[in-house]
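Remarks on the structure that follows.
Here it is, written out as structure tokens:
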């Protein structure tokens with residue numbers, strides 16, 4: 001088992017010394033302390049919040065960090081004092097099916113909550129004096145589930161929604177109006193089998209709120225710029241500013257995106273079902289939609305009329321030497337449900353995700369090293385929600401409770417002694433689900449595949465000549 005390096009301990013001492021000499025500002029010292037791996041290693045369950053009577057699908061803290069809001073299959077929304085475990089308010093959401101997302105609107109004194117659900121509806125819950133709650137229907141994804149909402153940073157009124165109909169909607173609470181921006185289309189669906197991409201996730205860049213990304217049952221995360229939209233409807237806004245996808249997944253029809261998250265540095269975290277988690281910088285964006293290379297063209301035969309003009313990206317290499325490849329995070333299993341993914345730490349120093357195995361995985365953002373595997377549930381963990389100011393974490397999933405994790409353990413935890421077996425089990429289950437239990441995938445193949453990623457420092461390295469495209473900065 002890997003021990004904590006003396007360099008980490010020495011650096012902590014150096015930081016204290018620099019602070020005493022005035023060489024390190026109070027702000028930077030606080031950030032470095034708050035992001036300490038020592039705190040991550042001391043995370044343990046602080047409270048179990050038990051009231052929901054169904055799977056808990058969504059968790060979100062208010063801006064102050066003292067209230068946690070949750071939504072569930074039981075159609076209820078609950079506001080918690082998470083430190084004490086006390087319920088501050090519980091109300092019926094107004095939805096007719098599972099609540100998928102619930103968020104506080106900024107600058108509303110924690111009295112305005114927006115929700116979306118499996119009934120396709122987008123609703124506003126207004127908390128009145130005395131604790132009475134009034135819910136209002138704002139919009140709907142017709143005959144579709146509405147999976148996620150994204151609030152414009154710094155805005156008390158603007159947010160977006162996405163759903164399985166592939167539609168992205170824009171909402172303004174001042175007018176209580178919904179504007180359908182576009183329907184997300186498949187990038188490489190040459191035969192037109194799929195009219196749209198069923199969307200699972202949407203996220204807004206906190207450093208540039210004009211940019212937002214969407215992802216769903218397709219391998220590409222698509223980035224849009226709201227400034228290109230003309231509100232009189234005269235523009236075709238459906239063309240993304242750029243696309244993000246690991247090179248080896250281009251042309252793969254068996255995976256899709258379940259979660260997206262932007263860091264404070266505008267990095268895009270993308271979680272794939274039946275696959276891994278990847279971190280993209282904006283320099284990795286594809287300006288033009290990629291297209292499979294000559295091997296794919298041969299499989300199509302000589303009928304190039306099937307190819308739309310302009311659909312083939314430039315023939316320059318997609319940084320096949322791996323220098324511009326996305327960071328990869330692996331070891332968890334994401335096959336059974338739509339899981340989110342989150343950054344963790346005051347400056348997004350870590351990446352965290354739930355897993356089908358009932359555990360929470362935490363990696364270092366830089367380098368992709370797996371540093372914590374925490375047993376959370378006996379069933380699937382879908383949500384890991386970081387506290388906005390401290391190294392605390394909330395988690396939930398198929399089980400009906402919510403777990404609050406804080407760094408209060410006396411002893412530092414290490415990776416489980418059976419970590420190799422655990423990761424192997426997740427990989428075996430992943431191969432079994434993605435390949436329909438193909439007997440050709442033996443343990444040696446799985447072990448070798450994991451080692452290939454680990455030896456490469458968490459960077460995906462794939463066959464050079466499968467695909468052509470152009471990685472240009474967005």
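Residue numbers (the UniProt record's numbering): 1 to 474.
Beta carbons: idealized from backbone N, C-alpha and C, even for Gly.
#1: For the putative contact between residue 117 and residue 97, defined by C-beta atoms under 8 angstroms, what is the C-beta separation to the nearest angstrom?
#2: Under a Cβ-count criterion, where at least 16 other Cβ atoms within 10 Å of its own Cβ denotes burial, should residue 204 be classed as buried or exposed?
#3: Can you tell me which of the three DSSP states residue 437 falls into?
#4: Please report the straight-line C-alpha distance between residue 91 and residue 392, rounded to a whole angstrom.
#5: Hey, out of 324, 129, 260, whose CA is closest to residue 202's CA?
#6: Going by DSSP, which residues form a beta bridge with residue 374?
#7: So, are the CB atoms of residue 93 and residue 99 less than 7 angstroms apart?
#8: Buried or exposed for residue 36, going by 16 or more other Cβ atoms inside 10 Å?
#9: Are there 16 or more other CB atoms within 10 angstroms of the CB of residue 165, so buried, or fewer, so exposed?
#10: Which same chain residues end up closer than 6 angstroms to residue 111 when comparing Cβ atoms and leaving out the 5 residues on each side of it in sequence?
#11: Entirely within the segment 375-410 and at least 3 residues each: give me those beta strand (DSSP E) ranges in chain order.
#12: From which residue to which residue does the alpha helix (DSSP H) around residue 37 run?
#13: Taking only runs of the alpha helix (DSSP H) that begin and end inside the segment 26-112, which ones reach a length of at least 4 residues, in chain order?
#14: Can you tell me the Cα-Cα spacing of residue 425 and residue 357, whole angstroms?
#15: So what does DSSP say about residue 502, is it helix, strand or coil?
#16: Do residue 331 and residue 475 count as a contact pair if the criterion is CB distance below 7 angstroms?
#17: Does the ligand PLP have a heavy atom nearer than 6 angstroms to the CB of residue 170?
#18: Across which residues does DSSP place residue 223 in a beta bridge pair?
#19: Measuring alpha carbon to alpha carbon, tell me which of 131, 181, 336 ends up nearest residue 214.
#20: Considering only residues of the same chain and omitting the five flanking positions on each side of residue 152, which have a CB-CB separation below 8 angstroms?
#21: Which of the three DSSP states, helix, strand or coil, is assigned to residue 256?
#22: Once the 5 residues before and after residue 276 are set aside, which same chain residues still bring their CB inside 7 angstroms of it?
#23: Out of 399, 113, 185, 75, state which residue places its alpha-carbon closest to the alpha-carbon of residue 224.
#24: If you run the structure through DSSP and keep just helix, strand and coil, what is residue 228?
#25: Pop quiz: residue 136 and residue 69 are said to be a contact at Cβ under 8 angstroms. What is the actual Cβ separation, rounded to whole angstroms?
#26: Give the straight-line distance between the Cα atoms of residue 200 and residue 177, rounded to the nearest whole angstrom.
#27: If we call anything under 7 angstroms between Cβ atoms a contact, is residue 404 one with residue 47?
#28: Rounded to the nearest angstrom, what separates residue 134 and residue 125 at their Cα positions?
#29: Just to confirm the assignment, what range does the beta strand (DSSP E) spanning residue 249 have?
#30: When you compare only the Cα positions, how much space is there between residue 188 and residue 371?
#31: For residue 83 and residue 251, what's the separation of their Cα atoms in angstroms?
On the basis of the data shown:
#1: Here residue 117 corresponds to residue number 117 of the chain shown, with the count starting at 1. Here residue 97 corresponds to residue number 97 of the chain shown, with the count starting at 1. Yes, they are in contact, since the Cβ atoms of residue 117 and residue 97 sit about 5 angstroms apart, within 8 angstroms.
#2: Along the chain shown, read from residue 1 onward, the residue named residue 204 stands at position 204. By the neighbour-count rule (16 or more Cβ atoms within 10 Å), residue 204 is buried.
#3: Counted from its first residue, the chain shown places residue 437 at position 437. At residue 437 the pLDDT is 43, less than 50, meaning the model places this residue with poor confidence and gives no usable figure here.
#4: Numbered from its first residue, the chain shown carries residue 91 at position 91. Numbered from its first residue, the chain shown carries residue 392 at position 392. Here the alpha carbons of residue 392 and residue 91 stand approximately 26 angstroms from one another.
#5: By 1-based counting over the chain shown, the position of residue 202 is 202. Check the Cα spacing between residue 202 and each of 324, 129, 260: the tightest is with 260.
#6: Walking along the chain shown from the start, residue 374 turns up at place 374. Its beta-bridge partners are 360.
#7: Numbered from 1 along the chain shown, position 93 holds the residue referred to as residue 93. Numbered from 1 along the chain shown, position 99 holds the residue referred to as residue 99. Contact: yes.
#8: For the purposes of this step, residue 36 is taken as the residue at position 36 of the chain shown. Of the other Cβ atoms in all chains shown, 16 or more fall within 10 Å of the Cβ of residue 36; this residue is therefore buried.
#9: As a working mapping, residue 165 is identified with position 165 in the chain shown. It counts as buried.
#10: For this step, residue 111 is matched to residue 111 along the chain shown. Residues 127 of the same chain have their beta carbon placed closer than 6 angstroms to that of residue 111, with the five preceding and five following residues left out of the count.
#11: Counting whole runs of 3 or more residues, the segment 375-410 contains the beta strand (DSSP E) stretches 381-386, 393-397, 401-407.
#12: Working through the chain shown from its first residue, we reach residue 37 at position 37. Looking at the DSSP string, the run of the alpha helix (DSSP H) that includes residue 37 is 37-41.
#13: Taking only runs of at least 4 residues, the alpha helix (DSSP H) segments lying wholly in the segment 26-112 are 26-34, 37-41.
#14: For this step, residue 425 is matched to residue 425 along the chain shown. For this step, residue 357 is matched to residue 357 along the chain shown. In a straight line, the C-alpha of residue 425 is about 9 angstroms away from that of residue 357.
#15: The structure shown does not extend to residue 502, since the chain is modelled only from 1 to 474, so the question has no answer here.
#16: No answer is possible for residue 475: the residues shown for the chain start at 1 and end at 474.
#17: The ligand content of the structure shown is nil, which means the ligand PLP is not present either.
#18: Walking along the chain shown from the start, residue 223 turns up at place 223. 213, 242, per the DSSP bridge assignment.
#19: Walking along the chain shown from the start, residue 214 turns up at place 214. Checked all of 131, 181, 336; the closest Cα to residue 214 is 181.
#20: By 1-based counting over the chain shown, the position of residue 152 is 152. Excluding residues within five positions, the ones whose Cβ falls inside 8 angstroms are 158, 159, 160, 204, 209.
#21: Taking the first residue of the chain shown as position 1, residue 256 is located at position 256. Annotated three-state conformation of residue 256 is coil, per DSSP.
#22: One-based indexing of the chain shown puts residue 276 at position 276. Excluding positions up to five away in sequence, the list reads 328, 329, 330.
#23: Position 224 of the chain shown, counted from the start, is the residue given in the question as residue 224. Checked all of 399, 113, 185, 75; the closest Cα to residue 224 is 185.
#24: Indexing the chain shown from 1 puts residue 228 at position 228. Under the three-state reduction of DSSP output, residue 228 falls in the helix class.
#25: The residue given as residue 136 occupies position 136 in the chain shown. The residue given as residue 69 occupies position 69 in the chain shown. Incorrect: roughly 17 angstroms between the Cβ atoms, too far for contact.
#26: Translated into the one-based positions of the chain shown, residue 200 becomes position 200. Translated into the one-based positions of the chain shown, residue 177 becomes position 177. Distance between residue 200 and residue 177, taken at the CA atoms: about 22 angstroms.
#27: The residue labelled residue 404 in the question sits at position 404 within the chain shown. The residue labelled residue 47 in the question sits at position 47 within the chain shown. Contact: yes.
#28: Residue mapping note: residue 134 aligns to position 134 of the chain shown, counting from 1. Residue mapping note: residue 125 aligns to position 125 of the chain shown, counting from 1. Whole-angstrom Cα-Cα distance: 6 angstroms.
#29: Taking the chain shown and counting its residues from 1, one reaches residue 249 at position 249. DSSP places residue 249 in no beta strand (DSSP E); its state is neither H nor E.
#30: Here the question's residue 188 lines up with position 188 in the chain shown. Here the question's residue 371 lines up with position 371 in the chain shown. Just so you know, the alpha carbons of residue 188 and residue 371 end up roughly 37 angstroms apart.
#31: Along the chain shown, read from residue 1 onward, the residue named residue 83 stands at position 83. Along the chain shown, read from residue 1 onward, the residue named residue 251 stands at position 251. Whole-angstrom Cα-Cα distance: 47 angstroms.
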